[in-house]
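**Q**
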């Protein structure tokens, strides 16, 4: 699979980070994308973040159209509306997670039930050869103190991918478990502290660096090409799991 012309992907969380990487990779190969953002004030910026500087890739001669819609993981009505908007829907990607400052319950509900809500709505529209892709995280299998809601929600999202792969077969459903990603998630950390943190972590990773949104986009495109892959958790951690034993 080298091009996605004529196909449409909805990226819940596609305005930044991993979701933006998935949106750009898909659009660069000719597919149309709709990305979500939580705020109407950021809608134009979200679209521009995906579309600006985009060039054809993967054998495509043109880039796809980029659209945007407001949707919030904690608001089922907005998620259902976002899924209903594209005239055609072939792929659903959910990378979004609740923002900072939420309670443990709000994080779990947003991450797990938000993903489930979007998936349930998309399942009604996706064709048999359509796909869903979710994002979890390393805390699903390596929990740390004080992060129970994150660990539990990530593990639940991985279980959801496996369950839906059976429930909605032959539609394919998978999950990516990312490791250290250099995304806006770390923006609140002081610059010098963030640089030191990434340098220390990158120094021990077999890959030698943190992942980028582009790496997630490459993984998304690769999963689309692997038509026999379903119900799996793809570990995208630069070899971190090798060090954890």
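In the working numbering, the protein residues as written are 204 to 448. Built from N, CA and C at the ideal position, the CB exists for glycine as well. All values reported here derive from a predicted model rather than from experimental measurement.
Determine which residues share a DSSP beta bridge with residue 335 and list them.
**A** 295, 376, per the DSSP bridge assignment.
**Q** How about residue 361 and residue 436: do their beta carbons lie closer than 8 Å?
**A** yes
**Q** CB-CB under 7 Å to residue 420, same chain, minus the five flanking residues each way: which ones, in chain order?
**A** 224, 225, 227, 228
**Q** For residue 345, collect the residues of the same chain with a Cβ closer than 7 Å to its Cβ; drop the 5 residues on either side in sequence, then sort them by chain order.
**A** Within the same chain, residue 345 has close Cβ partners 447.
**Q** Whose C-alpha, out of 209, 434, 215, is nearest the C-alpha of residue 324?
**A** 215
**Q** DSSP puts residue 271 in a beta bridge; with which residues?
**A** 238
**Q** So, for residue 383: in the same chain, excluding its five sequence neighbours on each side, which residues have a beta-carbon less than 6 Å away from its beta-carbon?
**A** 404, 413
**Q** Mapping the DSSP letters down to three states, classify residue 214 as helix, strand or coil.
**A** strand
**Q** Could you give the distance in angstroms between the alpha-carbon of residue 394 and the alpha-carbon of residue 430?
**A** 42 Å
**Q** Is the Cβ-Cβ distance between residue 337 and residue 364 less than 8 Å?
**A** yes
**Q** For the beta strand (DSSP E) containing residue 445, name the first residue and the last one.
**A** Careful: residue 445 lies outside any beta strand (DSSP E), inside the alpha helix (DSSP H) at 443 to 447.
**Q** Across which residues does DSSP place residue 439 in a beta bridge pair?
**A** 381
**Q** Alpha carbon to alpha carbon, how far is residue 289 from residue 407?
**A** 43 Å
**Q** Note the first and the last residue of the continuous alpha helix (DSSP H) segment covering residue 247.
**A** Run containing residue 247: 246 to 254, per the alpha helix (DSSP H) assignment.
**Q** Taking C-alpha atoms, which residue in 379, 333, 409, 352 lies nearest to residue 373?
**A** 333
**Q** Output needed for residue 369: all residues of its chain with C-beta closer than 8 Å, excluding positions within five of it in sequence on either side, in chain order.
**A** 434
**Q** Given residue 310, which residues of its chain have a CB within under 7 Å of its CB, disregarding the five upstream and five downstream residues?
**A** 301, 352, 353, 356
**Q** Quick one: is residue 218 buried, meaning 16 or more other Cβ sit within 10 Å of its Cβ, or exposed?
**A** The residue in question, residue 218, is buried, as its Cβ has 16 or more Cβ neighbours within 10 Å.
**Q** Label residue 348 either buried or exposed according to how many other C-beta atoms from any shown protein chain fall within 10 Å of its C-beta, with 16 as the threshold for buried.
**A** So residue 348 ends up on the exposed side.
**Q** DSSP puts residue 414 in a beta bridge; with which residues?
**A** 384
**Q** Among 213, 286, 268, 277, which residue has its Cα nearest to the Cα of residue 232?
**A** 268
**Q** According to DSSP, is residue 227 helix, strand or coil?
**A** Judged by DSSP in its simplified three-state form, residue 227 adopts helix.
**Q** Spatial neighbours of residue 432 within its chain, please: CB distance less than 8 Å, with the 5 preceding and 5 following residues excluded, ordered by chain position.
**A** 375, 377, 426
**Q** Whose CA, out of 438, 250, 263, lies closest to the CA of residue 237?
**A** 250
**Q** Just curious, the alpha helix (DSSP H) that residue 317 is in, first and last residue?
**A** 317 to 326
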